[in-house]
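This report refers to the structure that appears directly beneath it.
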Amino acid sequence: MDRLSRYLKDLLLAQEKIENIGDDFRSITENIDRSSPAGRMMMQIAGSFAVFERAMLRKRTRNGLAAAHQEGRTDGRGPKKSPSQHPKKIVSLVTSGQKTGADAVHLFRVHPSTIGRLIARQRLFGT
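Numbering (the UniProt record's numbering), first residue to last: 1 to 127.
Have a look at this one:
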């Protein structure tokens with residue numbers, strides 16, 4: 001039900017449009033049959049819960065962002081370490097076996113093909 005609409009007003013408008021074309025809405029997952037007055041009431045209650053959950057989600061998100069900001073964490077991930085700044089370190093860590101290619105991807109926040117390209121360059125040109 002909450003996938004149909006996050007706002008009670010929109011849900012009621014959708015129901016009205018369905019009725020205007022001569023059809024009826026029946027939710028299989030919530031087992032709500034709108035053909036009866038009790039079913040229409042349950043549909044509106046379910047819509048109210050969807051609105052409530054949306055408001056709670058918004059509140060939790062705002063609170064989480066505020067808490068992260070107070071702890072000094074910034075939005076998103078930090079800037080990646082450029083392979084142009086650390087190519088020798090990347091190559092030496094991977095070729096010596098200290099780190100796997102996957103470890104280097106996460107450590108330096110680069111694409112896996114970047115690691116492969118740096119190692120291939122090292123093997124071909126020694127740089």
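Quick reminder that beta carbons are idealized off the backbone N, C-alpha and C, glycines included.
Which two residues bound the contiguous alpha helix (DSSP H) that contains Q98?
-> Here residue 98 refers to the residue found at position 98 of the sequence shown. Unbroken run through Q98: none, as it is neither H nor E.
If you drop the 5 nearest sequence neighbours on each side, which residues of the same chain put their C-beta closer than 8 angstroms to that of K9?
-> The residue given as residue 9 occupies position 9 in the sequence shown. Contacts found: none.
Can you check whether the CB of I90 is closer than 7 angstroms to the CB of L118?
-> Residue mapping note: residue 118 aligns to position 118 of the sequence shown, counting from 1. Residue mapping note: residue 90 aligns to position 90 of the sequence shown, counting from 1. In contact: L118 and I90 (Cβ atoms closer than 7 angstroms).
Quick one: is K99 buried, meaning 16 or more other Cβ sit within 10 Å of its Cβ, or exposed?
-> Stepping through the sequence shown from its first residue, residue 99 is reached at position 99. It is buried - the Cβ of K99 has at least 16 other Cβ atoms within 10 Å.
Could you name the residues of the same chain whose beta carbon sits closer than 8 angstroms to that of K59, not counting the 5 residues immediately before and after it, in chain order?
-> Within the sequence shown, numbered from 1, the residue matching residue 59 stands at position 59. Same-chain partners within the cutoff: there are none.
8 angstroms Cβ shell around R16 - same chain, five flanking residues per side excluded | For the purposes of this step, residue 16 is taken as residue 16 along the sequence shown, with counting starting at 1. The displayed chain sequence assigns Glu, not Arg, to residue 16. The answer is none, since no qualifying residue turns up.
Roughly how many whole angstroms lie between the Cα atoms of R6 and S113?
-> Position 6 of the sequence shown, counting from 1, holds the residue named residue 6. Position 113 of the sequence shown, counting from 1, holds the residue named residue 113. The alpha-carbon atoms of R6 and S113 are separated by roughly 42 angstroms.
Exposed or buried, which one is F49 when buried takes at least 16 other CB atoms within 10 Å?
-> In the sequence shown, residue 49 corresponds to position 49, counting from 1. Under this definition F49 is an exposed residue.
Which runs of the alpha helix (DSSP H), 4 residues or longer, sit entirely within the region 23-86?
-> 37-70
Buried versus exposed call for F108 [16 or more other C-beta atoms within 10 Å across all chains shown] | Position 108 of the sequence shown holds residue 108. Buried.
Would you mind stating whether V94 and A104 have Cβ atoms separated by less than 7 angstroms?
-> Here the question's residue 94 lines up with position 94 in the sequence shown. Here the question's residue 104 lines up with position 104 in the sequence shown. Yes, the pair counts as a contact, with Cβ atoms nearer than the cut-off.
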